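I have placed the structure first, in the form of structure tokens, so that the comments after it can refer back to it.
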Amino acid sequence: MFWQSKFRKIFGFNPSSVSGMRVNEQEMVDYEMESRAIEFYNADSREAQARSVRSGDLSSLEKELRTAQREVEKAKKNFWAAQEAAKEEGYLVGNTYKHHLPSYLRVLR
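The opening position of the sequence shown corresponds to residue 131 in the working numbering, with each subsequent residue numbered one higher.
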């Protein structure tokens, strides 16, 4: 029951036991997982960019890096919570966020 309430909170619906509905639901899970993977990817890219800056005010660079690191942690937490809830309910999910990235982003990493 806990997983279903967590699942509903993340995905916006309760899992169905009807096989025809599961196909549609899998598509909704895939869409949400892709959205969270893109969020994770973007946060990770911002952190990498913040780490690569070599000039400027040190305190503002450190602040920018800390902000980027918090964004990565939040995106990571959101992604893995969704992955765990979907997997627990029997939906097909990848083992990493990269499995859920659209192909045009997978090529870049």
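C-beta atoms are modelled at their ideal positions from N, C-alpha and C, and glycine is treated no differently. Only a predicted model underlies this, so the values are computations on that prediction, with no experimental measurement involved.
Rounded C-beta distance between Val159 and Ala216? I'm assuming under 8 Å. 5 Å
Grouping DSSP H, G and I as helix and E and B as strand, with all else coil, what is Arg236? helix
Reference Leu191, options Asn172, Arg176, Tyr234, closest by Cα: Arg176
Could you tell me how far apart the beta carbons of Ala198 and Ala180 are, in whole angstroms, since I believe they sit closer than 8 Å? 4 Å
Indicate the three-state DSSP secondary structure (helix, strand or coil) for Phe143 in the structure shown. coil
Gly224 beta carbon less than 9 Å from that of Gln213: yes
Count the other C-beta atoms from every protein chain shown that fall within 10 angstroms of the C-beta of Glu155, then say buried if there are 16 or more, exposed otherwise. buried
Looking at Tyr234 and Ala167, is the spacing between their C-beta atoms short of 9 Å? no
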